[in-house]
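Student:
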Amino acid sequence: MKFFRKFLNQIMILKHQRFKYSNQKLIHEKKILDDAHFIRNIGILAHIDAGKTTTTERMLFFSGSITHMGEVHHGNTVTDFMAQERERGITITSAFVTLNWGKHKINLLDTPGHIDFTMEVEQTLNVMDGAVVILDATAGVEAQTITVWKQADRYNVPRVIYVNKMDRPTAEFFRCRDSIIQNFKVTPLVIQIPVYDNSKNFKGVVDLLNLVKYEWDSSSFNFTQTQLNPQNGKLWENSVQARKNLVEVLADLDDSIAEKIIMDEKQLEMLSSSVLRDSIQKITIEQKGFPIVCGSSYKNIGVQCLMDTIVNYLPSPLSSKSKDLINYFEKSMTAKAFKVRHDHYKGPITFLRIYSGELFKGQKMYNARTKKTENCEKLFVAYADDYNEVQKIKMGNIAAVTGLKDTVTGDFITSSSSVYSSLKDTLKGNEKENVINCLTSGRMVPDPVFFCSVEAPSPSYETALDKALKELEKEDPSLKITTNNETKQTKKSLVSIDKSPECIENTSKIYPRQFGAIKAGVEIALTYGPKLFYPVINTKAKIHFLEIGRGTPDTLITSATIKCIKKLLQNSGTKLLEPIMLVEIITPESTVDAIFNDLGKRRADIYSPESRDLDIIIRALVPLSELLGYAKNLRIITSGKGAFTMELKYYKEMDPEEEAKAVKYVTGF
1 MKFFRKFLNQ IMILKHQRFK YSNQKLIHEK KILDDAHFIR NIGILAHIDA GKTTTTERML
61 FFSGSITHMG EVHHGNTVTD FMAQERERGI TITSAFVTLN WGKHKINLLD TPGHIDFTME
121 VEQTLNVMDG AVVILDATAG VEAQTITVWK QADRYNVPRV IYVNKMDRPT AEFFRCRDSI
181 IQNFKVTPLV IQIPVYDNSK NFKGVVDLLN LVKYEWDSSS FNFTQTQLNP QNGKLWENSV
241 QARKNLVEVL ADLDDSIAEK IIMDEKQLEM LSSSVLRDSI QKITIEQKGF PIVCGSSYKN
301 IGVQCLMDTI VNYLPSPLSS KSKDLINYFE KSMTAKAFKV RHDHYKGPIT FLRIYSGELF
361 KGQKMYNART KKTENCEKLF VAYADDYNEV QKIKMGNIAA VTGLKDTVTG DFITSSSSVY
421 SSLKDTLKGN EKENVINCLT SGRMVPDPVF FCSVEAPSPS YETALDKALK ELEKEDPSLK
481 ITTNNETKQT KKSLVSIDKS PECIENTSKI YPRQFGAIKA GVEIALTYGP KLFYPVINTK
541 AKIHFLEIGR GTPDTLITSA TIKCIKKLLQ NSGTKLLEPI MLVEIITPES TVDAIFNDLG
601 KRRADIYSPE SRDLDIIIRA LVPLSELLGY AKNLRIITSG KGAFTMELKY YKEMDPEEEA
661 KAVKYVTGF
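Heads up: the sequence shown begins at 1 in full-length UniProt numbering, then just goes up one per residue.
#1: Along the chain, where does the alpha helix (DSSP H) containing Gly302 start, and where does it finish?
#2: Put Arg159 into one of helix, strand or coil per three-state DSSP.
#3: At a Cβ threshold of 8 Å, is Thr370 touching chain B?
#4: What residues are listed by DSSP as bridge partners for Thr574?
#5: If we ignore side chains and look at the alpha-carbon of each, how far apart do Gly600 and Arg369 end up?
#6: Less than 8 Å between the beta carbons of Asp207 and Gln231, yes or no?
#7: What is the residue span of the beta strand (DSSP E) that Phe174 lies within?
#8: Are the Cβ atoms of Arg58 and Ser297 separated by less than 8 Å?
#9: Have a look at Met654 and Gly668 and give me their C-alpha separation to the nearest angstrom.
#10: What is the rounded straight-line gap between the Cα of Phe515 and the Cα of Ser559?
#11: Do you know offhand how far Leu472's Cα is from Ala382's?
#12: Which two residues bound the contiguous alpha helix (DSSP H) that contains Val148?
#13: Touching or not, the segment 600-611 and the segment 546-556, by the rule of three or more beta carbon pairs under 8 Å?
#14: Can you check DSSP and say which residues form a bridge with Cys564?
#15: For Pro530 versus Leu569, is the C-beta spacing smaller than 8 Å?
#16: What is the DSSP secondary structure of Thr187, reduced to helix, strand or coil?
#17: Suppose contacts are defined by Cβ-Cβ distances below 8 Å. Is Ala137 in contact with Glu172 by that definition?
#18: Could you have a look at Glu265 and say whether DSSP puts it in helix, strand or coil?
#19: Note down the Cα distance separating Ile106 from Thr561, rounded to an integer number of angstroms.
#20: Please report how far the alpha carbon of Phe96 lies from the alpha carbon of Ala384, in whole angstroms.
#21: Could you work out which residue in Lys392, Lys339 and Tyr420 is closest to Leu404 when comparing CA atoms only?
#22: Could you say which of Thr226, Met166 and Leu250 lies nearest to residue 671 if we only look at CA atoms?
#23: Can you give me the C-alpha to C-alpha distance between Val419 and Tyr366, rounded to a whole angstrom?
#24: Go ahead and pull the three-state DSSP assignment for Thr414.
#25: Using CA coordinates, which residue listed in Ile585, Gly640, Leu45 and Gln304 is at the minimum distance from Gly204?
#26: Between the beta-carbon of Leu135 and the beta-carbon of Val163, is there less than 8 Å?
#27: With DSSP as the reference, please indicate the residues paired to Trp236 in a beta bridge.
#28: Tell me whether His47 is buried or exposed, calling it buried when 16 or more other Cβ atoms sit within 10 Å of its Cβ.
#29: Please state if the CB of Val160 and the CB of Ile310 are separated by a distance shorter than 8 Å.
#30: Is the CB-CB distance between Asp254 and Ser279 below 8 Å?
#31: Residue range of the alpha helix (DSSP H) that Gly600 falls in?
#32: Can you list, in chain order, the residues of its chain with a C-beta nearer than 8 Å to that of Ala152? Leave out the 5 residues immediately preceding and following it.
#33: Tell me whether the beta-carbon of Val141 lies closer than 8 Å to the beta-carbon of Asn100.
#34: So if DSSP puts His104 in a beta bridge, which residue, or which two residues, is it bridged to?
#35: Can you find the residues in the same chain that come closer than 7 Å, C-beta to C-beta, to Arg168, ignoring five residues on each side of it along the sequence?
#36: By alpha-carbon positions, which one of Leu235, Leu359 and Asp466 ends up nearest to Asn198?
Below is the structure:
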């Protein structure tokens, strides 16, 4: 028992030491502050295996939100709660957690880094005020890093950059900085530099604003802070020079800093940390520059400084891209749905970003898309897969709501229809444009490139399958599901119908109801084309003539249209098209020849390779059918050092030989 008490006391002492960070006077507070000035809504973005989940776990631990750190390889982290995530060691779905850092509240979304789950990132960035982009210090900017950076650009999300894994022997902080400049064409703001011991082991960082060294003890979670002075020799010289470089960069981006230096050149060295901090925050929010810090999350180095960077430089809800919306709606509740998750007991749980006002349990909510009013049955604060029921949630926060049966990702919610309808009558000019953009900005859903048919094993399972597919479609906006009433298979097509200009007189007497029946027939005929029943695209139908008897039902008009379209398609002939993907591969130079040989076997059209730092960039156009299982094959060829991304470029007509192979593959003969 004495040993247990002693052990418990040691834990409590250690826990107390974790919270102490005297330079910023950060004190852990159990009380969650509702003041929107102190809220930070952020996402964690990175290439796969850069350390997103590990960093999130350390942030939860050092903020006091958890008492034990999980590890990805142990399958016990807070945000990777799905069985598939823990089994595979990767993040599949975005997970939401809340932590307190000093007087600030950080609402954090850990997003997937794998290209297959990029839609999760898209949904998250739509409602986030800021983001942390994590780089692997040994690799710099990687393929998926570029993808998530472009996504953040699309949603105007301010970012800070965290160079992780600085403990690795091949880690290069300044090479990562150069990689950022080269790939993103942006200005990184170096506000820290790494500190090494005599054995070249990464031990901590120097805060350039205050010229303070933070050094971590490898045997514990403790760190020491030392005010640098000329007696620190080379470290002092490097830090002073790095601070001067930072001030010069700020002067190029911030006129107020430039004016101070022009008035007095000594200000280059004498500007206070508070002045620099204000300038960096302004530049970050305006996305003219991006603060860059470093650390090693797995070794518990630099995570506290990263959290300082988040609260110091990323915007609050009151200074973010949604500030015009907040100013307009004031106390009226407005929110946007950014995620739907189905719970076996609670039903659909809709995640809402609350922009203004307060959301109460039992409140009526108006959906601007469906023009329907729904009821907030229960209100929760989510913590990964746990839900804490509350009575109300204030502006700037994230809410989890049950009872919204018709709400999907991207929907805008208000407290009443009158609040929404008054928008167009009262706002004018740029203010109206900014607010409407915030309300209507949905996620960019990529066109599907994979199609499959799903059938219930027996009629008794059809209802359950139907329900499951509808739930999946609400959760994932990139999943498009349609049902063929005859085959119960999934298909998709789009069609436009024009009236022939030279036959306007013949078609002027077609009633709207009859025109709708014709359109339905054209859509059905093109959805299930003559070749393998695949959809027919790039087609426009023109109506030249319609003659029907009195009282002809619409179903007969639709049926006649289907037969007419099918006959036209059979006479004119159709060609199979296959999706062509633009593939970008990042690999060491030693594996380039092997990759070229492999791509040649996949009918690839290869562009000239480019050099990027120590790697080679290979771009190629490859048929999608040749890329099934390519990720595994690339890992084998490159010994795990290569990575790739792909996006749909266009559809290409197949040659007769490849078309015959495709037909045989599908039909079996």
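C-beta atoms are modelled at their ideal positions from N, C-alpha and C, and glycine is treated no differently.
All values reported here derive from a predicted model rather than from experimental measurement.
Tutor: Looking at the coordinates:
#1: Translated into the one-based positions of the sequence shown, residue 302 becomes position 302. Note, Gly302: premise wrong, no alpha helix (DSSP H); not H, not E.
#2: Translated into the one-based positions of the sequence shown, residue 159 becomes position 159. Arg159 carries a strand assignment under DSSP once its states are collapsed to helix, strand and coil.
#3: You won't find chain B in this structure, because it holds only one protein chain.
#4: In the sequence shown, residue 574 corresponds to position 574, counting from 1. DSSP lists no partner for Thr574.
#5: Numbered from its first residue, the sequence shown carries residue 600 at position 600. Numbered from its first residue, the sequence shown carries residue 369 at position 369. For Gly600 and Arg369, the distance between alpha carbons rounds to 48 Å.
#6: For the purposes of this step, residue 207 is taken as the residue at position 207 of the sequence shown. For the purposes of this step, residue 231 is taken as the residue at position 231 of the sequence shown. Between Asp207 and Gln231, the C-beta gap is not smaller than 8 Å, which leaves the two residues out of contact.
#7: Translated into positions along the sequence shown, residue 174 becomes position 174. No beta strand (DSSP E) contains Phe174, which is instead part of the alpha helix (DSSP H) from Phe173 to Phe184.
#8: As a position in the sequence shown, residue 58 is number 58, starting the count at 1. As a position in the sequence shown, residue 297 is number 297, starting the count at 1. Arg58 is a Cβ neighbour of Ser297, given a cutoff of 8 Å.
#9: Position 654 of the sequence shown, counted from the first residue, corresponds to residue 654. Position 668 of the sequence shown, counted from the first residue, corresponds to residue 668. In a straight line, the C-alpha of Met654 is about 19 Å away from that of Gly668.
#10: Start at 1 with the first residue of the sequence shown, and residue 515 comes out as number 515. Start at 1 with the first residue of the sequence shown, and residue 559 comes out as number 559. A direct Cα-to-Cα measurement between Phe515 and Ser559 gives close to 13 Å.
#11: Sequence index remark: in the sequence shown, residue 472 carries index 472 (1-based). Sequence index remark: in the sequence shown, residue 382 carries index 382 (1-based). So the alpha carbons of these two residues sit roughly 20 Å apart.
#12: Along the sequence shown, one-based indexing puts residue 148 at 148. Judged by DSSP secondary structure, Val148 falls within the alpha helix (DSSP H) whose first and last residues are Ala143 to Arg154.
#13: Counting Cβ pairs under 8 Å, fewer than three are found: no touch.
#14: Along the sequence shown, read from residue 1 onward, the residue named residue 564 stands at position 564. Within the DSSP secondary-structure output, Cys564 pairs in no beta bridge.
#15: Residue mapping note: residue 530 aligns to position 530 of the sequence shown, counting from 1. Residue mapping note: residue 569 aligns to position 569 of the sequence shown, counting from 1. Contact: yes.
#16: Position 187 of the sequence shown, counting from 1, holds the residue named residue 187. Residue state, collapsed to three classes: coil.
#17: Looking up residue 137 in the sequence shown gives position 137. Looking up residue 172 in the sequence shown gives position 172. Between Ala137 and Glu172, the gap from beta carbon to beta carbon is short of 8 Å.
#18: Position 265 of the sequence shown, counting from 1, holds the residue named residue 265. Three-state result, Glu265: coil.
#19: Indexing the sequence shown from 1 puts residue 106 at position 106. Indexing the sequence shown from 1 puts residue 561 at position 561. Roughly 58 Å separates the two Cα atoms.
#20: Along the sequence shown, read from residue 1 onward, the residue named residue 96 stands at position 96. Along the sequence shown, read from residue 1 onward, the residue named residue 384 stands at position 384. Our two residues, Phe96 and Ala384, have alpha carbons roughly 5 Å apart in a direct line.
#21: As a first step, residue 404 is located in the sequence shown; it is residue number 404 there, counting from the start. The option with the nearest alpha carbon to Leu404 is Lys339.
#22: This structure cannot speak to residue 671, because the chain is shown only from 1 to 669.
#23: Reading the sequence shown from its first residue, position 419 is the one you call residue 419. Reading the sequence shown from its first residue, position 366 is the one you call residue 366. In this model, Val419 and Tyr366 are separated by some 9 Å (Cα to Cα).
#24: Reading the sequence shown from its first residue, position 414 is the one you call residue 414. Reduced to three states, the DSSP call for Thr414 is strand.
#25: On the sequence shown, position 204 is the one that residue 204 refers to. Checked all of Ile585, Gly640, Leu45 and Gln304; the closest Cα to Gly204 is Gln304.
#26: In the sequence shown, residue 135 corresponds to position 135, counting from 1. In the sequence shown, residue 163 corresponds to position 163, counting from 1. The Cβ atoms of Leu135 and Val163 lie closer than 8 Å to each other.
#27: The residue you call residue 236 lines up with position 236 of the sequence shown. DSSP, once it has assigned bridges, lists no residue as partnering Trp236.
#28: By one-based count along the sequence shown, residue 47 stands at place 47. Buried, because 16 or more other Cβ atoms sit within 10 Å of the Cβ of His47.
#29: As a working note, residue 310 is residue 310 in the sequence shown. As a working note, residue 160 is residue 160 in the sequence shown. Annotated as proximal: Ile310 and Val160, with beta-carbon spacing under 8 Å.
#30: Start at 1 with the first residue of the sequence shown, and residue 254 comes out as number 254. Start at 1 with the first residue of the sequence shown, and residue 279 comes out as number 279. Contact flag set, yes.
#31: Stepping through the sequence shown from its first residue, residue 600 is reached at position 600. In the DSSP assignment, Gly600 falls within the alpha helix (DSSP H) that extends over Val592 to Gly600.
#32: In the sequence shown, residue 152 corresponds to position 152, counting from 1. Counting only residues of its own chain and dropping the five nearest sequence neighbours on each side, Ala152 has a CB closer than 8 Å to the CB of Leu45, Leu125, Ala131, Val133 and Arg159.
#33: Locating residue 141 in the sequence shown gives position 141, counting from the first residue. Locating residue 100 in the sequence shown gives position 100, counting from the first residue. Going by C-beta atoms, Val141 is not nearer than 8 Å to Asn100.
#34: For the purposes of this step, residue 104 is taken as the residue at position 104 of the sequence shown. Answer is Trp101.
#35: Within the sequence shown, residue 168 is the residue found at index 168, counting from 1. Same-chain partners within the cutoff: Ala137 and Thr138.
#36: Taking the first residue of the sequence shown as 1, we reach residue 198 at position 198. Ranking the options by Cα distance to Asn198, first place goes to Leu235.
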